[in-house]
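Asks: Residue numbering for the sequence shown follows our numbering, starting at 2 and increasing by one per position.
I'd like to ask you about the structure that follows.
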Amino acid sequence: MIDIAQIQQLACFHRATIPEAYLDVMGHMNIRHYMGLFDDAAWGFFAAFGMDEAYYHSANSGAFALEQHIRYLAEVHVGETVAIHTRVNGRSVKRIHFIHFMLNETTGKLAATLEVVGSHANLATRRTSPFPDHIAARLDQLLAEHNQLDWQAPLCGVMNP
């Protein structure tokens with residue numbers, strides 16, 4: 002398993018303390034809230050390479066989620082703080098492959114991962130479209146940085162950009 006310190010080398014795109022409303026009848030965070038927290042992180046992650054709200058409006062472009070794989074690794078309880086760090090695994094002309102790591106900062110454990118293949122999208126046609134050059138360049142920079150890490154992301158093995 003990956004060491005928490007290795008994951009913390011990656012940028013953190015969201016942090017939250019779990020409220021009581023997130024719990025289910027079993028006393029831990031319900032699965033629907035994992036996705037919400039991962040989604041909150043995705044907005045910051047996409048903004049980091051130029052796909053923010055201003056870009057969406059000015060370019061009439063955005064992103065579509067195409068495939069996701071989630072792993073639940075350790076329970077998260079009320080009052081605990083989680084942080085989501087993200088790593089780029091690859092990209093193509095239209096798609097990006099990345100993984101979110103949800104760290105439970107209270108317990109020091111990796112709580113969950115969400116592996117994603119997403120795409121750039123033309124919002125006028127509602128179809129996938131190539132990343133513009135300036136966004137592709139920033140993605141390539143992030144990918145190069147992440148490829149220099151001395152550890153492999155725990156990928157499911159069936160997803161490709």
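The C-beta atom is built at its ideal place from N, Cα and C for all residues, glycine as well.
Here the structure is a predicted model, which means the values were calculated and not measured.
Applying the criterion that 16 or more other CB atoms from any shown protein chain within 10 Å of the CB defines a buried residue, is residue 109 buried or exposed?
Replies: To locate residue 109, count along the sequence shown from 1; it is residue 108. Answer is exposed; the Cβ neighbour count stays below 16.
Asks: Tell me whether residue 75 sits in a helix, a strand or coil according to DSSP, three-state version.
Replies: Here the question's residue 75 lines up with position 74 in the sequence shown. Correct three-state label for residue 75: coil.
Asks: Which residue comes first and which comes last in the beta strand (DSSP E) that contains residue 111?
Replies: For this step, residue 111 is matched to residue 110 along the sequence shown. Its beta strand (DSSP E) spans residues 110–123.
Asks: Can you give the Cα-Cα distance for residue 28 and residue 126, rounded to whole angstroms?
Replies: Position 27 of the sequence shown, counting from 1, holds the residue named residue 28. Position 125 of the sequence shown, counting from 1, holds the residue named residue 126. If I take the Cα positions, the gap works out to 44 angstroms.
Asks: Is it buried or exposed, residue 26, if we count other Cβ atoms within 10 angstroms and call 16 or more buried?
Replies: Here residue 26 is taken as the residue at index 25 of the sequence shown, counted from 1. Exposed: under 16 other Cβ atoms inside 10 Å.
Asks: Under the rule that 16 or more other beta-carbon atoms within 10 Å means buried, what is residue 117, buried or exposed?
Replies: Within the sequence shown, residue 117 is the residue found at index 116, counting from 1. Residue 117 comes out buried.
Asks: Taking the alpha-carbon of residue 94 as reference, which of 101, 31 and 161 has the nearest alpha-carbon?
Replies: In the sequence shown, counting from the first residue as 1, residue 94 sits at position 93. Of 101, 31 and 161, the residue nearest in Cα terms is 161.
Asks: With DSSP run on the structure shown, which of helix, strand or coil describes residue 139?
Replies: Counting from 1 along the sequence shown, the entry for residue 139 is found at position 138. Of the three classes helix, strand and coil, the one that applies to residue 139 here is helix, per DSSP.
Asks: Helix, strand or coil for residue 54 per DSSP?
Replies: What you label residue 54 is simply residue 53 of the sequence shown in a count that begins at 1. In the structure shown, residue 54 sits in a helix (DSSP, three-state: H, G or I).
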